[in-house]
Amino acid sequence: PKATSACAAKVDEIRDDFKSWLRSRMESAPELAKEIEETYNNIFNNSAPMTIPDEYIPEYFDGAARVIGGKLIKMREHQSKAIVRGTMQSLMLAHEVGTGKTFTLITTAMEMRRLGTAKKPMIVVQNATLGQFVASAKALYPDARILSLEDKDRNAEGRKDFYAKIRYNDWD
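According to the working numbering, the sequence shown holds residues 495 to 666 in order.
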């Protein structure tokens, strides 16, 4: 604890000395200050969070069912924004349970296909959720050609046939 405290105090001292030196240089050498500022911004402030204007967020997505099992289906705002963002760049859906990740992933894949940004989108899910995920995809996009792994595809020969289906057919 004593050595740690001494080390922390030394770090604070060095930090304070550096700030003092930097301030004195900024006043006496504005070109150097500008160079330091640009270098800092290029390293640490080189990105901004993506914002999507509301007018670019559709209320419904082409081909998606609007009613499933008698229930109106409308994406929530965070889902729609994630779908639009997913068609433009990679993204991670770190949403909590029950926030619509399944429909968001499915719709993102279908939108990428529709827009031509993906030819054969593939979604990988855990074995335990595969059946539920496929059922959701077929309910949300009833006209889609969806290929999913089945028990017969899990051995060497089945995998070979499954890969051939992926390669030689036009799946959504």
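Cβ coordinates follow ideal geometry from the N, Cα and C atoms, glycine included. These figures come from a predicted structure and were not determined experimentally.
When the options are compared against residue i, the one with the closest alpha-carbon
i       : options                               : result
Arg-517 : Lys-504, Phe-555, Asp-506 and Glu-531 : Glu-531
Glu-553 : Arg-570, Phe-538 and Val-618          : Arg-570
Met-544 : Glu-605, Leu-599 and Leu-585          : Leu-585
Ala-631 : Asn-649, Leu-599, Ala-497 and Phe-512 : Leu-599
Asp-637 : Ser-522, Ile-508 and Gly-557          : Gly-557
Lys-614 : Leu-634, Arg-648, Arg-661 and Leu-566 : Arg-661
Contact set for residue i: own chain, Cβ-Cβ below 7 Å, skip 5 residues either direction
i       : result
Lys-659 : Leu-641
Glu-605 : Phe-555, Ile-577 and Thr-581
Residue i versus residue j - alpha carbon distance
i       : j       : result
Asp-666 : Glu-644 : 17 Å
Phe-555 : Thr-601 : 8 Å
Val-561 : Lys-568 : 9 Å
Asn-540 : Ala-527 : 18 Å
Glu-521 : Ala-500 : 32 Å
Arg-519 : Gln-583 : 41 Å
Ala-589 : Lys-575 : According to the sequence displayed, residue 589 carries His and not Ala. Their backbone Cα atoms lie some 13 Å apart in a straight line.
Pro-693 : Ile-617 : Because the chain is modelled from 495 through 666, residue 693 falls outside the range shown and cannot be assessed.
Asp-655 : Lys-565 : 37 Å
Buried versus exposed, by CB contacts within 10 Å (16 or more), residue i
i       : result
Glu-529 : exposed
Gln-573 : buried
Ala-497 : exposed
Leu-609 : exposed
Proximal residues to residue i (C-beta, below 8 Å), its chain only, five neighbours per side dropped
i       : result
Ala-612 : Ala-603 and Met-606
Asp-647 : Arg-653, Asp-655 and Phe-656
For this session: Could you tell me whether the segment 572-591 touches the segment 619-626, where touching means 3 or more Cβ pairs closer than 8 Å?
Result: The segment 572-591 is not in contact with the segment 619-626.
Exercise. Touching or not, the segment 590-610 and the segment 537-551, by the rule of three or more beta carbon pairs under 8 Å?
Worked result: No: fewer than three Cβ pairs fall under 8 Å.
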